[in-house]
Structure formats: structure tokens, C-alpha cells
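In the working numbering, the protein residues as written are 491 to 820. Every residue, glycine too, gets a C-beta built ideally from N, C-alpha and C. Being a predicted model, the structure only gives us computed values, none of them experimental.
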């Protein structure tokens, strides 16, 4: 085995020991993932330089999804993209190869490939700055479910390596457009408002009825995503640049109009992350999103039900906020 593969094997071994073993906190888990991502990037860039030379221009590598929000589960899939400065065929060719190498390396280390192909190996997510600007504007003006989903995914972009300002400038295009066309906000809200309920009419948990996770609650669709989507949209309204749900809530709480209506959601979301880490199935990617209700103590069950009710209230508040922005512009 050559030095290149040995380097990957070493980081894979580190990943398996420090990430796959049960973490004591979501913060520590994020730091472990971040270390692996940066190390894999550095190794891959060095290997790339051997055959293709150094990068032809400045570029930024950013992550999205749970990684962009610093909210990865123990097993986390890939969501990342590349923005490079020079709009040329040679640059496009270079970063296309580099993106594919990154995907292969991360897959080997233990990060499954994104089923939606939101990765640097996909030309859609590996573009020059000029083409990214065109792409963002296209997503904004296209009235399709897919384009709006891509736009929301990009709003969680967080630069791991490179100049953060380049990605922020793209997000600023979104903010400027919404100022002129606030109805875009309602389109984004409509894209995410349909959620799966976690509690029923009789205050019972609504759990999975078949398959390997029968009796479990889908924590991702009933609680985590509703929080992520609502807080993200409020952050878009307020032009908040930070990407994690907790830091977004903190930034919103600094604004008087949100203090009373969103403060409790900070502790709620922290508890969701804690329960996922404590009770989720950490042996595979899918299992990490399910919560075994039977493992919860009585007090924890009551707390979880309150969190589910609270997030439904937040969704209603978010809709009112969106409608308010649109009304004020008329």
C-alpha cells in the first residue's frame, strides 16, 4: 500500500474510533467530523497535485445539509460543493476531477454518497463563481419544487476550506431578490411546510408501523426537519448568515420581535440533538434518524411530546412572519 492509501487508512481508522464510537456530546461529534473533512480534503488536494498540478485558481469547498448546519449524526452522508474563481474549461476540468476524488475518498472513509447527488462530483454543485451566480438566480426564478429545494439546501452552505465571502456573496443574491420579490418567501415556505406529525389526537406518539424501525419515531421528519426549516426561513427573512440551527436561534433572539416566541426553541433543539445521539441507532445511516420511544423515561416522553407541540407552533409563527413580509410590501 502506497503512502496515499496509507494516509486514507489512517484517517479512516481515526474516524472509526473517534466518530463511530458513541460521542459524549453533539458538539464533540461535530468537531470530530470537521477534523475528518479537513484532513481528507488536504490529503486529496496533495494527491491531486501529483498528477494535475496545483489548483489553477482560488476556490472554496463548502458543505451543506447537516454538515453545513454542524448537526451531523454519528453516520453522516455527503453534501458538498465547490466554487472556483476562474471561468475556464481548464479550471472546470481540474475541479471536476478533484470533486470526484473527494467523493470517492469520503465514501471510503465512511461518509455515504448523497442519494440526491448533492456533491462536488456533480457539475451542478461544482461551478465557477460566475456560473454560480447564474445558477442561484435561476433557482430563485424557477417555480419548481426541485429548484426551491436546491435553493434551501444552498442556504445551509458553510465553507470548510477557502474564502467564506464568496459563498456569502451568493447568499446575498437571495436576500436582495427577496427584498424586491417577497413572494419568493412564500414559495420557500410552501416547499417545506408539509411535515409528518409526531403526536396524534389522543396525545400518543405516532410511530413507524412497519419495517425494521416499527415502534420507533422518525425524529428527522417529525421534529428535526420542522425546526431546521422554520428557523432557516426566519433567518432568511432576517439575513442571518450563520448556518447552524442553534446559532440561528441565538441570532433571532437578539431581535426584539423574536425574543418571546423563539427563546424556548433553543433548548428544545439541543434536547433533540441529545436524544438522537443518546437513543438513536448509530450502527447505520438510516437508523440514526429513528428514536426508540421505549427507551425514554416517563419524564423524557413528556418532554418530547412538548417539543413536538412547540415545533408545530413555531411553524405557524413562521407562516405568519412570511405573510407579514409579503403584506408589508404590497
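Practice item. Report the residue from 536, 765, 693 whose alpha carbon sits nearest the alpha carbon of residue 515. Key: 765
**Study point:** Sequence-distant residues of the same chain with beta carbon closer than 7 Å to residue 656, five excluded per side
**Key:** 550, 573, 619
Review point. Ends of the beta strand (DSSP E) at residue 707?
Key: 706-708
Review point. Beta carbon of residue 664, beta carbon of residue 641: below 8 Å?
Key: yes
Point to revise | Enclosing alpha helix (DSSP H) for residue 679 [first to last residue] | key: 673-682
Exercise for review: Measuring alpha carbon to alpha carbon, tell me which of 730, 705, 547 ends up nearest residue 879.
Suggested key: No information on residue 879 is available, as it lies outside the stretch 491 to 820 that the chain covers here.
Practice item. Would you list the residues sitting across from residue 574 in a DSSP beta bridge? Key: 549, 618
Review point. So what's residue 689 in DSSP terms, helix, strand or just coil?
Key: strand
Review point. Using a beta-carbon distance below 8 Å, is residue 647 in contact with chain C?
Key: Within the model displayed, chain C is absent; a lone protein chain is all it includes.
Check your understanding: For residue 520 versus residue 560, is the C-beta spacing smaller than 8 Å?
Key -> yes
Practice item. List in chain order: all unbroken beta strand (DSSP E) runs of 3+ residues lying wholly within the stretch 602-649. Key: 616-618
Practice item. Report back the beta-carbon spacing between residue 745 and residue 725 to the nearest angstrom; my notes put them in contact at under 8 Å. Key: Contact doesn't hold; Cβ gap of about 11 Å is too wide.
Point to revise | Separation of residue 611 from residue 588, as counted between CA atoms | key: 8 Å
Check your understanding: Applying the criterion that 16 or more other CB atoms from any shown protein chain within 10 Å of the CB defines a buried residue, is residue 842 buried or exposed?
Key -> Residue 842 is absent from the structure shown; the chain starts at 491 and stops at 820.
Review point. Just how far apart, CA to CA, sit residue 825 and residue 540?
Key: In the structure as shown, the chain starts at 491 and stops at 820, and residue 825 therefore has no counterpart that could be examined.
Check your understanding: Pairing CB atoms from the stretch 696-705 with CB atoms from the stretch 778-792, are three or more of them under 8 Å?
Key -> yes
Practice item. Could you name the residues of the same chain whose beta carbon sits closer than 8 Å to that of residue 791, not counting the 5 residues immediately before and after it, in chain order? Key: 695, 783
Check your understanding: Beta carbon of residue 713, beta carbon of residue 798: below 8 Å?
Key -> yes
Check your understanding: Mapping DSSP to helix, strand and coil, what is residue 651?
Key -> strand
**Study point:** Buried versus exposed call for residue 644 [16 or more other C-beta atoms within 10 Å across all chains shown]
**Key:** buried
Point to revise | Secondary structure of residue 770, DSSP reduced to three states | key: strand
Review point. In whole angstroms, what separates the C-alpha of residue 736 from that of residue 626?
Key: 26 Å
Check your understanding: Taking the C-alpha atoms as reference points, what is the distance between residue 814 and residue 753?
Key -> 20 Å
**Study point:** Buried versus exposed call for residue 707 [16 or more other C-beta atoms within 10 Å across all chains shown]
**Key:** buried
Point to revise | Euclidean distance between Cα positions of residue 630 and residue 674 | key: 7 Å
Check your understanding: Within 10 angstroms of its Cβ, does residue 615 collect 16 or more other Cβ (buried), or is it exposed?
Key -> buried
Review point. What residues in its chain sit with their C-beta under 8 Å from that of residue 528, if we drop five residues either side in the sequence?
Key: 650, 651
Review point. Helix or strand or just coil, what does DSSP make of residue 775?
Key: coil
Point to revise | Cut-off 7 Å between Cβ atoms - residues of its own chain near residue 648, not counting five sequence neighbours on either side | key: 552, 553, 558, 733
Check your understanding: The beta strand (DSSP E) with residue 780 in it runs from where to where?
Key -> 780-782
Practice item. Could you tell me the boundaries of the alpha helix (DSSP H) in which residue 579 lies? Key: 579-599
Check your understanding: Can you tell me whether residue 772 is buried or exposed, with buried defined as 16 or more other CB within 10 angstroms of its CB?
Key -> buried
Point to revise | Per DSSP, cross-strand counterpart(s) of residue 695 | key: 689
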